[in-house]
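Report on the structure given below.
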Amino acid sequence: MAKKQKKTVHGPVSLKNEFKENPLYNYGLILFFTVFIFFLSSFKITGDDDVFWHLATGRYIVENHHVPSADVFGFVTQGQTWMPFEWGWDVLTYGVYNIGGYTALSVFRSIIFLLIFLILFLILRKFRVSYTIIFLFFTLLSFGIMDRLSPRPHIMSFLFFTLLLYIITEYRYFSRKNFKILYFIPLIFLIWANMHMGIIAGIFLLGIYTLSEIIIYLKPDKFSSKEIPSLAKQELYRLIIIFIISLLVMLVNPNSFSTYVYAYEHTKMKLLETINEWRSPFDEMFGGGFVTNIYKLFLFGGVLILFYAYKRKDLFAAMVFIGFAVYSVRAVRFTVDYLIIITIFLAISVNYIIVNSKNEWLKNFFTVNTIPKVIIEVVLLFCIVNIPNDKLYLEYLKYYRVSGFGINSDFIPTQMFDFMKENNIPVTGQRPLNHFGSGGFLIWNFPESKNFIDSRNLNDEIFSEYNTLMAKKPGFEKKLKDYDFDYFIYLAPDLVRAPNEMEQTIISYMSRHPEEWKLVFWDDKSFLFVKNLPKFKEIIDKFEYKYAAPYNFLYQKPVLEKAVTDDPEQLRSELKRKTAQDPNGLIINSINNTYYIRLSK
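Structure below.
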């Protein structure tokens, strides 16, 4: 009687044994993870001013039918070189916003991340990676990219990374005859070139693949195998041509090659040193945060990829790990690119090691055993339940984030901007000194206005001027006069927790010079001063806070004490007005508790 032949699985990962997985638990993992990702990516816009100037840029392009090459939003920087190289995203999201506001923008963002994980899932299943390993890595990856889930153009790069990897892996490992799939690569780069500068990492990834195939072609005995053979000469030529075409289509954008020169010069600006995402992921300021630890786990876990690459003669996997590991240590913002790209190869490597292990218990545990799947499902369910109430973020992860749609008014000065709109402040005033974190929100809410600065980071000079003014550095008073500012908006989300910010910034100067600057609005996180000019007289007469102000309460108590005896009616009026406007305000209630009873006697 002839012996039954063992079934051999051909492809990139030849398993010694095939295990059947219970589909019910697999479907459960898919369902729970899908809901989890939608919830995880649905949170209010908090302290992310970039979102608003991107929307304002999209509106400008749609209304004016051209992409600007010089600044159109700043009254000081107007006319200076500015290349909105993410203009495609700006127009796209402006259109999404017009469909359904911030909610539509949030849902769009969630769809992008669901697509990213769907593509990663399809790739890993082609490699026969078990559901347990897939969703274990997906869960880790989800938390590892939490800092970069905001609705900004970089998420398009994440999507294009995964699309590019899908095409490369499909062609390299599964279907060489289906070479036409490679023709989609230049199309991806054409769109990508007008969406985000992550395209540089994209061409780097494609370049690694092309170079690896050239090396394999030249050294087939060393780097190829029956499962992953080297390309034929014609196939290699085709790939090189596609790489060259992809390079060329990168130039199909409003400013061609100048776009990349501009973007490169942008990365050399000194002000980037003050932005956390441009620091090294090994900077001591990041400590042992869970996001950083996940990145380090994936980084040092890359040793497993090298082991897999050696055993499988998979030069491409090794080169991708080495290339993007070096790329990622440059700055925190690049670590997410690394995580998304390397998840595929790390999951494949772990799956390969487990499946080819001699330990039958280990193989069964990560393939047919339901226990790890149930554990992952319970974790996902726990997260799903605790995301809408923010417990997952605030209590368990100690990570500030507010679930839901729209704007987080605790960190974005919506109340102050409502006041500005109701009283035509941006129409009456034309030259605002605005806080760095509100410049985008200003031009988005008031298209007719110009700002002083925003997070586009146009140049070091304007940022230096801004810092001199805000920190009251030598010469700031002269700059106040030279720039001829007529109103001032300041955002201080941590004011209640760190009130000394008022003393350390220009807030103290304006508060100590009421003859020149009048406070007409404030709350627990923002201030609006207008210059004492005739055009603001009506607003000043109606809304000025001569006495009931946070700075006076903490640093100029004599001003309030004097008002109690010399001008009690005015102080009482200010307290009533502010309390009606902001009944739950911590600062106004503190002032009331101290002075209102005395005024009532």
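Converting from the sequence shown to our numbering requires adding 16 to each position, the first position being numbered 1.
Backbone N, C-alpha and C define an ideal beta-carbon position, used for all residues, glycine too.
With DSSP collapsed to three states, give me the class of Thr24. Below a pLDDT of 50, predicted positions are generally treated as unreliable, and Thr24, at 35, falls in that range; the measurement from the model is reported next regardless. Note: Thr24 maps to coil in three-state DSSP.
Compute the Euclidean distance between the alpha carbons of Ile219 and Ser262, then round it to the nearest angstrom. Going from the Cα of Ile219 to the Cα of Ser262 covers about 8 Å.
Quick one: residues in its chain with C-beta nearer than 7 Å to the C-beta of Ile267, no 5 flanking neighbours on either side, listed in chain order? It is worth fixing the name first, because residue 267 is Leu in this sequence and not Ile. These residues qualify, in order along the chain: Phe273.
Can you find a CB in chain B that lies within less than 8 Å of the CB of Asn114? The structure shown has no chain B; it contains just one protein chain.
Is Pro84 helix, strand or coil when you go by DSSP? Three-state DSSP puts Pro84 in coil, outside helix and strand.
Three-state secondary structure (DSSP) at Val546? Correct three-state label for Val546: strand.
Please look up how many angstroms separate the CB atoms of Asp540 and Gly453, rounded, as I've assumed it's under 8 Å. That belief does not hold up - the Cβ atoms of Asp540 and Gly453 are roughly 16 Å apart, past 8 Å.
Using a Cβ-Cβ cutoff of less than 6 Å, which residues in the same chain neighbour Phe537 once the five nearest sequence positions on both sides are dropped? Met432, Phe435, Leu544
For Tyr280, list the residues DSSP reports as bridge partners. BP columns for Tyr280 are empty, so no partner.
Asn210 burial status per 10 Å Cβ neighbour count (16 or more: buried): buried
Residue environment, Ile132, which counts as buried when at least 16 other CB atoms sit within 10 Å: Within a 10 Å sphere around the beta-carbon of Ile132 sit 16 or more other beta-carbons, which makes this residue buried.
Can you tell me whether Thr275 is buried or exposed? The criterion is at least 16 other CB atoms within 10 Å of its CB, across all chains shown. buried
Please confirm whether Trp103 and Ile77 have their CB atoms less than 8 Å apart. Cβ atoms of Trp103 and Ile77: closer than 8 Å.
Nearest-angstrom Cβ-Cβ length linking Ile469 and Phe479, presumed shorter than 8 Å: Between Phe479 and Ile469 the Cβ distance is about 7 Å, and since that is below 8 Å, they are a contact.
Residue ranges of each beta strand (DSSP E) run of no fewer than 3 residues wholly in the region 575-604, ordered along the chain? none
Of the residues Asp106, Ile53, Leu591, Leu134, which one's Cα is nearest the Cα of Val83? Asp106
Counting beta carbon pairs with one atom in the region 241-249 and one in the region 344-351, are three or more of them shorter than 8 Å? no
Going by beta carbon distance, what residues of the same chain come within less than 8 Å of Thr119, once the five residues before and after it are set aside? Phe421, Gly422
Beta-carbon separation of Leu315 and Gly160 under 8 Å? no
Kindly identify the DSSP beta-bridge partner or partners of Gly90. Asn467
When you compare only the Cα positions, how much space is there between Tyr280 and Arg168? 19 Å
To which residues of the same chain is Asn605 closer than 6 Å at the C-beta, ignoring the five residues directly before and after it? Annotation for Asn605: no residue places its beta carbon closer than 6 Å to its own, counting only its chain and skipping 5 residues before and after.
Within a Cβ cutoff of 7 Å, which residues of the same chain sit near Ile666, ignoring the five residues on either side of it in sequence? As shown, the chain starts at 17 and ends at 617. That puts residue 666 outside it, with no answer to give.
Closest Cα partner of Lys534 within the set Asn461, Asn548, Ile360, Tyr525: Selection Asn461, Asn548, Ile360, Tyr525 evaluated against Lys534 yields Asn548 as nearest (Cα-Cα).
Which residues in the same chain as Asn568 place their Cβ atom closer than 8 Å to its Cβ, once the five residues preceding and following it in sequence are excluded? So the list reads Ser527, Val575, Leu576, once near-sequence residues are dropped.
Grouping DSSP H, G and I as helix and E and B as strand, with all else coil, what is Tyr503? In the structure shown, Tyr503 falls within a strand segment according to DSSP collapsed to helix, strand and coil.
Rounded straight-line distance, which links the Cα of Ser542 to that of Leu331: 55 Å
Does the Cβ-Cβ distance between Ala564 and Ile607 come in under 8 Å? yes
Trp460 - DSSP class collapsed to helix/strand/coil: helix
What are the boundary residues of the beta strand (DSSP E) that Pro566 is part of? Pro566 -> not in any beta strand (DSSP E); alpha helix (DSSP H) instead, spanning 566-571.
Considering only DSSP beta bridges, list what Phe450 is partnered with. In the sequence on display, residue 450 carries Asn and not Phe. Ile505, per the DSSP bridge assignment.
Can you list, in chain order, the residues of its chain with a C-beta nearer than 8 Å to that of Leu227? Leave out the 5 residues immediately preceding and following it. Closer than 8 Å at Cβ, skipping near neighbours: Met335.
Between Thr109 and Phe55, what straight-line distance do the alpha-carbon atoms span, to the nearest angstrom? 20 Å
Could you give the distance in angstroms between the alpha-carbon of Lys312 and the alpha-carbon of Ser465? 45 Å
Inter-residue spacing [alpha-carbon to alpha-carbon] between Asn271 and Thr97: 11 Å
Using a 10 Å radius around the Cβ and a threshold of 16 neighbouring Cβ atoms, would you call Leu175 buried or exposed? Buried: at least 16 other Cβ atoms inside 10 Å.
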